[in-house]
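Inspection log for the structure reproduced underneath, given as structure tokens.
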Amino acid sequence: MSGRASLATSAALTPTPTGAPQKALRHPCEDYKARTTGCNQLRQLSGVAAETLAVRCGGGALRHAWSGYEAHAMGFDELRPLSGVGADTLGGMGAIVVDSLDTLWMLGLKEEFGRTRDWVTSKLTFDRGNASFFKTSIRILGGLLSAYQHSGDRVFPEKAEELGDILATANSSPQGISYRTVNMRSRLPSVGKDEYGILAEFGSQQLELITLSDMTGRPEFAAKAEAVIQELHQRG
Numbered sequence: 011m012s013g014r015a016s017l018a019t020s021a022a023l024t025p026t027p028t029g030a031p032q033k034a035l036r037h038p039c040e041d042y043k044a045r046t047t048g049c050n051q052l053r054q055l056s057g058v059a060a061e062t063l064a065v066r067c068g069g070g071a072l073r074h075a076w077s078g079y080e081a082h083a084m085g086f087d088e089l090r091p092l093s094g095v096g097a098d099t100l101g102g103m104g105a106i107v108v109d110s111l112d113t114l115w116m117l118g119l120k121e122e123f124g125r126t127r128d129w130v131t132s133k134l135t136f137d138r139g140n141a142s143f144f145k146t147s148i149r150i151l152g153g154l155l156s157a158y159q160h161s162g163d164r165v166f167p168e169k170a171e172e173l174g175d176i177l178a179t180a181n182s183s184p185q186g187i188s189y190r191t192v193n194m195r196s197r198l199p200s201v202g203k204d205e206y207g208i209l210a211e212f213g214s215q216q217l218e219l220i221t222l223s224d225m226t227g228r229p230e231f232a233a234k235a236e237a238v239i240q241e242l243h244q245r246g
């Protein structure tokens with residue numbers, strides 16, 4: 011108890027400011043708040059009117075966030091908000107770009123979607139190092155598939171098929187359970203010394219790979235994903 015008291019009394023405390031601020035502070039989201047005025051009316055609305063207003067409010071929020079990412083980190087996997095710089099943390103394939111395509115479309119940000127589509131066409135490549143099979147499947151592959159389902163633009167399934175061929179190598183384990191990492195450049199699984207599988211990873215690839223088969227007419231993608239489930243059933 012005495013030690014705690016001594017620590018508290020010896021610490022240097024910053025005094026609380028007094029008086030009025032010398033300069034009025036502008037709320038960092040003031041412009042966004044102005045664009046979304048009336049969003050609190052959602053509680054009084056129902057049906058189409060509520061949905062329309064929700065899309066408008068969501069579009070304003072997304073435009074606010076997307077403009078910051080596009081200005082400071084376009085093409086990077088993420089934007090670090092404190093430093094304001096981009097970082098590649100998921101294999102360097104523009105995870106936020108691809109992951110946001112369907113949301114941009116659904117919320118009506120067609121200009122932003124168009125610029126993002128152009129980035130996918132001209133900049134998205136898979137000549138990379140090691141990447142997580144799971145995260146690349148759900149974010150990059152899933153993002154491309156969803157973008158096509160909403161827009162009908164054929165550039166997305168073409169990219170998705172190329173990526174699917176690379177990711178399919180993760181399902182070459184003799185144990186029947188997907189490898190966790192794929193080397194995108196060599197197009198081979200990257201097996202660690204203490205390689206182990208995680209159920210949430212190898213057990214959730216079916217949505218993307220079955221959709222890819224349906225989209226490309228190539229049943230081998232779905233067959234690989236379903237083989238993993240069959241292996242799980244056999245092991246009980």
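By my numbering, the letter at position 218 of the sequence shown is numbered 228, and the numbering carries on one by one without gaps.
Ideal Cβ placement from N, Cα and C applies to all residues, glycine included.
For clarity, every value in this text was computed on a predicted model and none was experimentally measured.
Collapsed DSSP secondary structure at residue 228 in the structure displayed: coil
Cα separation between residue 209 and residue 25? Spanning the two alpha carbons is a distance of roughly 52 Å.
If you reduce the DSSP assignment to three classes, tell me which class residue 15 lands in. Note that residue 15 scores a pLDDT of 42, beneath 50, so its modelled location is shaky and nothing firm can be said.
Less than 9 Å separating the beta-carbons of residue 106 and residue 83? yes
The ligand GDP and residue 28: does the residue's C-beta get closer than 8 Å to at least one heavy atom of that ligand? The ligand GDP is not part of the structure shown, which contains no ligands of any sort.
Taking Cβ to Cβ, would you say residue 244 is nearer than 9 Å to residue 232? Against a cut-off of 9 Å, the Cβ pair of residue 232 and residue 244 comes out as no contact.
Who does residue 192 pair with in a DSSP beta bridge? 141 and 199
Counting only runs of 4+ residues fully inside the region 155–183, write out the alpha helix (DSSP H) ranges in chain order. 165–177
The region 103–117 touching the region 148–166, judged by at least three CB pairs closer than 8 Å: yes
Judging by CA-CA distance, which residue of 152, 166 and 118 is the nearest neighbour of residue 128? 166
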